[in-house]
Amino acid sequence: MRSQVIKIKNIPQQEPPVHYIRVKPVTALSIMLGAGAGLLFTGSVWQVIGMSMIMFALFCLVLLPDRVLVVFNPKFMILNNCIDRTECTMIYWDEIVNWQYEWHPANDNLTITMVDGSMQIIELYSKRRVAKYLNMYAPNKEIKNVRIKEGKI
């Protein structure tokens with residue numbers, strides 16, 4: 754089996770990554786920052802709300818830590834789910850038997866079953882992007898969660 758735990762510095766660099774999934778929702782925070790700036794030019798009550806939005810977005814963008822959770826590549830995916838932050842799990846697409854996205858109130862889990870019977874689990878916060886790339890590179894391997902109806906989470 755080619756999938757294994759490797760040091761981050763040893764990730765093959767033949768092809769650039771297609772997509773990254775990060776902890777911070779940078780796009781949403783940037784929109785909040787812009788909306789807050791727009792509210793500064795309105796009435797006095799809206800200015801207070803706008804200033805609060807700006808302070809919250811800046812706090813999240815500048816002070817809270819960010820890291821990459823998953824990297825998608827045309828040949829493999831990288832899961833940053835190891836206890837040692839210098840290591841990651843490299844999974845080749847052809848070695849995935851199935852995958853399931855499980856919803857929980859605090860966070861969500863992506864569970865990937867490998868050809869050798871092992872399972873890789875990583876905490877995520879949104880199914881949309883993960884499902885897009887897993888269905889693209891590992892088609893017809895999703896196990897539908899009976900607790901989640903399509904379109905309703």
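Counted from 1, the sequence shown has number 874 at position 121 by this note's numbering; the numbering is strictly sequential. Where is the CB? At the ideal position from N, CA and C, for every residue including glycine.
Boundaries (first-last residue) of the alpha helix (DSSP H) holding residue i
i, result
"Lys760", "Per DSSP, Lys760 belongs to no alpha helix (DSSP H); it is in the beta strand (DSSP E), Gln757 to Lys760."
"Asn851", "It is not in any alpha helix (DSSP H) - Asn851 instead sits in the beta strand (DSSP E) that spans Ile849 to Glu855."
"Ile802", "Ser797 to Leu811"
"Met889", "Lys880 to Tyr890"
"Ile784", "Val779 to Leu792"
Anticipated Cβ contact below 8 Å, residue i with residue j, distance rounded
i, j, result
"Asn862", "Ile874", "5 Å"
"Leu832", "Val823", "6 Å"
"Glu840", "Lys760", "6 Å"
Residues of its chain near residue i, where Cβ-Cβ distance is below 7 Å and the 5 sequence neighbours each way are ignored
i, result
"Trp799", "Leu792"
Minimum Cβ-Cβ distance from residue i to chain D less than 8 Å
i, result
"Leu877", "The structure shown has no chain D; it contains just one protein chain."
Neighbourhood of residue i by C-beta distance below 8 Å, restricted to the same chain and skipping five residues each side
i, result
"Asn888", "Glu895"
Span of the beta strand (DSSP E) around residue i
i, result
"Arg823", "A quick correction: the sequence has Val, not Arg, at residue 823. It spans Val821 to Phe825 - the beta strand (DSSP E) in which Val823 sits, taken as one unbroken run."
"Leu842", "In the sequence as presented, Leu is not what sits at residue 842; that position holds Thr. Glu840 to Tyr845 is the extent of the beta strand (DSSP E) around Thr842."
"Gly877", "Residue identity differs from the one stated: residue 877 is Leu in this sequence, not Gly. Where Leu877 is concerned, the enclosing beta strand (DSSP E) stretches over Met872 to Leu877."
Own chain partners of residue i with C-beta closer than 6 Å, once the 5 adjacent residues on each side are dropped
i, result
"Tyr773", "Val821 and Val824"
For residue i, the residue or residues it bridges with in DSSP
i, result
"Leu832", "Val823 and Thr842"
"Glu768", "DSSP lists no partner for Glu768."
"Asp837", "Answer by DSSP bridge pairing: none, since Asp837 is not bridged."
Option in the options with minimal Cα separation from residue i
i, options, result
"Met806", "Trp856, Met785, Asp869 and Glu855", "Met785"
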